[in-house]
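A.B. asks:
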Amino acid sequence: MRTARSLAYLVTSLVAGPAGFLWTLATTLLMAVGAVTALGAPVFLAVTWADRHLAGLERRRAAWVLGTPIASPYLPATATGRARVRQLAAQPATWRDMAWFALLLPLGLTLGIVAVVPTVVTAAAVVAPAWAWSVPERRAHPLIQQAMGTHSGRLLISAVGIAGIPIVLWLVRQLASAQARVAVALLAPGEHGRLVRRAQELADTRARVVDAQAAELRRIERDLHDGAQARIVAAGMTLALAERRARPGHPDLADDVATARRQLDEALAELRRLVRGIHPPILTDRGLAAAVSALAGDCPIPVAVSIEVPERLAPAVESAAYFVVAEGLANAVKHAAATSCSVAMSVRDRLLVQVTDDGTGGADPSGSGLDGLRRRIEALDGAFTVTSPTGGPTRLRAEIPCAS
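For the record, in the sequence shown the residue sitting at position 59 is 59 according to the numbering used here, with numbers rising by one throughout.
1) Going by other Cβ atoms of all chains shown within 10 Å of its Cβ, with 16 needed for buried, is residue 53 buried or exposed?
2) Cα-Cα, which of 24, 65, 291 is closest to residue 184?
3) Run the CB neighbour count on residue 174, radius 10 Å, all protein chains shown included, and call it buried at 16 or more, exposed below.
4) Beta carbon of residue 15, beta carbon of residue 45: below 9 Å?
5) To the nearest angstrom, report how far apart residue 362 and residue 311 are at their CA atoms.
6) May I ask you to report which of helix, strand or coil DSSP gives residue 84?
7) By a C-beta neighbour count over all protein chains shown, 10 Å radius and 16 as the cutoff for buried, is residue 95 buried or exposed?
8) In whole angstroms, give me the CA-to-CA distance for residue 195 and residue 336.
9) Nearest-angstrom Cα distance between residue 101 and residue 37?
10) By Cβ distance, which residues of its chain are closer than 6 Å to residue 391, with the 5 residues on each side in sequence left out?
11) Determine whether the beta carbon atoms of residue 315 and residue 339 lie at a separation below 9 Å.
12) Would you say residue 415 and residue 168 are within 9 Å of each other, going by their C-beta atoms?
13) On a Cα-Cα basis, can you pick out the residue from 380, 165, 117, 108 that is closest to residue 179?
14) For the region 314-352, which segments carrying the beta strand (DSSP E) assignment without a break, of at least 3 residues, lie completely within its bounds, in sequence order?
15) Quick check on this structure: which residue in 91, 286, 334 has the alpha carbon closest to the alpha carbon of residue 322?
16) Where does residue 388 sit, in a helix, a strand or coil, going by DSSP?
17) When the Cα of residue 329 is compared with those of 296, 319, 352, which residue comes out closest?
18) Span of the beta strand (DSSP E) holding residue 394?
19) Suppose contacts are defined by Cβ-Cβ distances below 9 Å. Is residue 289 in contact with residue 307 by that definition?
20) Does the Cβ of residue 385 have 16 or more other Cβ atoms within 10 Å, making it buried, or fewer, making it exposed?
21) How big is the Cα-Cα spacing for residue 393 and residue 366?
22) Residue range of the alpha helix (DSSP H) that residue 126 falls in?
23) Under a Cβ-count criterion, where at least 16 other Cβ atoms within 10 Å of its own Cβ denotes burial, should residue 17 be classed as buried or exposed?
24) Classify residue 57 as buried or exposed, calling it buried when 16 or more other Cβ atoms lie within 10 Å of its own Cβ.
25) Using the three-state DSSP reduction, which class does residue 360 fall into: helix, strand or coil?
26) Quick check: residue 93 and residue 74, are their CB atoms within less than 9 Å of each other?
27) Quick one: what's got a C-beta closer than 7 Å to residue 81's C-beta in the same chain, skipping five residues either side?
28) Can you tell me the Cα-Cα spacing of residue 176 and residue 111, whole angstroms?
29) What's the C-alpha gap between residue 410 and residue 327?
30) Within the same chain, show all residues whose beta-carbon is closer than 7 Å to that of residue 280, passing over the 5 residues directly before and after it, in chain order.
31) Tell whether a beta-carbon distance below 9 Å holds between residue 61 and residue 12.
32) I'd like the list of long-range same chain contacts for residue 333, defined as Cβ closer than 7 Å, with 5 residues on each side in sequence excluded.
33) Going by the beta-carbon positions, is the gap between residue 115 and residue 7 smaller than 9 Å?
34) Across which residues does DSSP place residue 307 in a beta bridge pair?
35) Look at the alpha carbon of residue 121 and the alpha carbon of residue 106, and state the distance between them as a whole number of angstroms.
36) Output needed for residue 436: all residues of its chain with C-beta closer than 7 Å, excluding positions within five of it in sequence on either side, in chain order.
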């Protein structure tokens, strides 16, 4: 079966070789003519589309010999128009397809003929007794006359053919394997493609991890808000009721209850700060624009807000942008002695967040708060920069990839 598939691969190459060469010649001339006209980009895109489908057929044809299909080497091209042309032209696989079709003519013809001729001769020799008697012998060499004209001679030819079958079978398999290896070298994913695909896989894996982390933080925030915080509030109400009942007859007990209640209130306030630090509920409920507006409204200094973002973004993106603004406003109030601040957000292909204050500057980018922001944003494939010369102003700028 393997030999039959190998022979079929080489025989079909006798047709595919000339066809591929003529296709490459015609499309190359067509693209050369189109390059000097406004049709250059559409022609290139159409030829590339056809090349990829034809190369896909070649990969499946090579699988007859290899046993497994050759993987597709193409990287996604998401742009349109001339940008798409640049994306496709930058992929080595585009040009390796064309190289394969150009090489298939000499390779397919040479290996196909070398395989087919011995196969046909051997097959003819094996069945020589059925046909050799009919060959004219009048002008043939005496040895040929003896071989073709006698029953024993024809049997000898058949025996030689049978003895040559293993050699021919081995030759066919080796020739088909050699051509298939060339197909793998040109049509399989190259090192560049493998690296790009691996990088994309790692980026997807990291995005899933970040999303899972964000979902887990939201779960913890909900559990604290709906569980521990609710129980602390209920305990505070119970203590308040006990304080009112104990005060007329047991003032000392009432004082102890009041102290416990104050401690419980402090614990509740701390828990609420913890919840907001994990994931602000307003961010989940109302989105990034509302959460940032609330931050600006709670800030003790005037904050000018300009927000142009979609209604909702990915949770991890919203969370990172929120904490950039929160850190920028907190630093402006606590450390920079700022009198005003501005927050700007917009979305192009990335979410751009910029927080600027008119304070004294001198912020340390390696500080725990700013360094933590940088790590959070870099985990999303974003960039975070801090500009804070002595005397001010201080500017925090974050660029975060997002699906807007």
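Yeah, the Cβ is synthetic: ideal placement off N, Cα and C, and Gly gets one too.
C.D. replies: Well, looking at it:
1) For the purposes of this step, residue 53 is taken as residue 53 along the sequence shown, with counting starting at 1. Label assigned to residue 53: exposed.
2) Position 184 of the sequence shown holds residue 184. Minimum Cα distance to residue 184 is reached at 65.
3) The sequence position of residue 174 within the sequence shown is 174, counting from 1. Label assigned to residue 174: exposed.
4) For this step, residue 15 is matched to residue 15 along the sequence shown. For this step, residue 45 is matched to residue 45 along the sequence shown. Cβ distance not < 9 Å, so residue 15 and residue 45 don't count as in contact.
5) Translated into the one-based positions of the sequence shown, residue 362 becomes position 362. Translated into the one-based positions of the sequence shown, residue 311 becomes position 311. Taking the straight line joining both Cα atoms gives about 35 Å.
6) Residue mapping note: residue 84 aligns to position 84 of the sequence shown, counting from 1. Of the three classes helix, strand and coil, the one that applies to residue 84 here is helix, per DSSP.
7) Translated into positions along the sequence shown, residue 95 becomes position 95. Counting Cβ neighbours within 10 Å, residue 95 comes out exposed, since fewer than 16 surround it.
8) One-based indexing of the sequence shown puts residue 195 at position 195. One-based indexing of the sequence shown puts residue 336 at position 336. Those two C-alpha atoms are separated by around 45 Å.
9) In the sequence shown, the residue the question calls residue 101 occupies position 101. In the sequence shown, the residue the question calls residue 37 occupies position 37. For residue 101 and residue 37, the distance between alpha carbons rounds to 26 Å.
10) Taking the sequence shown and counting its residues from 1, one reaches residue 391 at position 391. Excluding positions up to five away in sequence, the list reads 361.
11) As a first step, residue 315 must be located in the sequence shown, where it is residue number 315. As a first step, residue 339 must be located in the sequence shown, where it is residue number 339. Not a contact, by the Cβ cut-off of 9 Å.
12) Any answer about residue 415 is impossible in this case: the structure gives the chain only from 1 up to 404.
13) Translated into positions along the sequence shown, residue 179 becomes position 179. Nearest C-alpha to residue 179: 108.
14) 341-347
15) If you number the sequence shown from 1, residue 322 lands on position 322. The residue with the shortest Cα to Cα distance from residue 322 is 286.
16) Here residue 388 refers to the residue found at position 388 when the sequence shown is read from its first residue. Coil at residue 388, not helix or strand.
17) For the purposes of this step, residue 329 is taken as the residue at position 329 of the sequence shown. When each option's Cα is compared against that of residue 329, the closest is 296.
18) If you number the sequence shown from 1, residue 394 lands on position 394. Unbroken beta strand (DSSP E) run through residue 394: 394-401.
19) Taking the first residue of the sequence shown as 1, we reach residue 289 at position 289. Taking the first residue of the sequence shown as 1, we reach residue 307 at position 307. Closer than 9 Å, so yes.
20) In the sequence shown, the residue the question calls residue 385 occupies position 385. Flag for residue 385 reads exposed.
21) For the purposes of this step, residue 393 is identified with residue 393 of the sequence shown, where counting begins at 1. For the purposes of this step, residue 366 is identified with residue 366 of the sequence shown, where counting begins at 1. Answer to the nearest angstrom: the Cα atoms are 18 Å apart.
22) If you number the sequence shown from 1, residue 126 lands on position 126. First-last of the alpha helix (DSSP H) with residue 126: 92-126.
23) Numbered from 1 along the sequence shown, position 17 holds the residue referred to as residue 17. Buried, because 16 or more other Cβ atoms sit within 10 Å of the Cβ of residue 17.
24) Taking the first residue of the sequence shown as position 1, residue 57 is located at position 57. Classification for residue 57: exposed.
25) On the sequence shown, residue 360 is found 360 positions in, with the first residue counted as 1. Coil.
26) Start at 1 with the first residue of the sequence shown, and residue 93 comes out as number 93. Start at 1 with the first residue of the sequence shown, and residue 74 comes out as number 74. Cβ distance < 9 Å, so residue 93 and residue 74 count as in contact.
27) Along the sequence shown, one-based indexing puts residue 81 at 81. Cβ within range, chain order: 41.
28) Translated into the one-based positions of the sequence shown, residue 176 becomes position 176. Translated into the one-based positions of the sequence shown, residue 111 becomes position 111. For residue 176 and residue 111, the distance between alpha carbons rounds to 8 Å.
29) This structure leaves residue 410 out entirely; the chain is present only between 1 and 404.
30) Start at 1 with the first residue of the sequence shown, and residue 280 comes out as number 280. So the qualifying residues of the chain are 291, 322.
31) The residue you call residue 61 lines up with position 61 of the sequence shown. The residue you call residue 12 lines up with position 12 of the sequence shown. Yes, Cβ-Cβ distance for residue 61 and residue 12 is below 9 Å.
32) Position 333 of the sequence shown, counted from the first residue, corresponds to residue 333. Cβ within range, chain order: 299, 300, 301.
33) The residue given as residue 115 occupies position 115 in the sequence shown. The residue given as residue 7 occupies position 7 in the sequence shown. Yes, these two residues count as a Cβ contact at 9 Å.
34) Locating residue 307 in the sequence shown gives position 307, counting from the first residue. Partner(s): 345.
35) Counted from its first residue, the sequence shown places residue 121 at position 121. Counted from its first residue, the sequence shown places residue 106 at position 106. Looking at the two C-alpha atoms, the distance is approximately 23 Å.
36) Since the first residue of the chain shown is 1 and the last is 404, residue 436 is not available in this structure.
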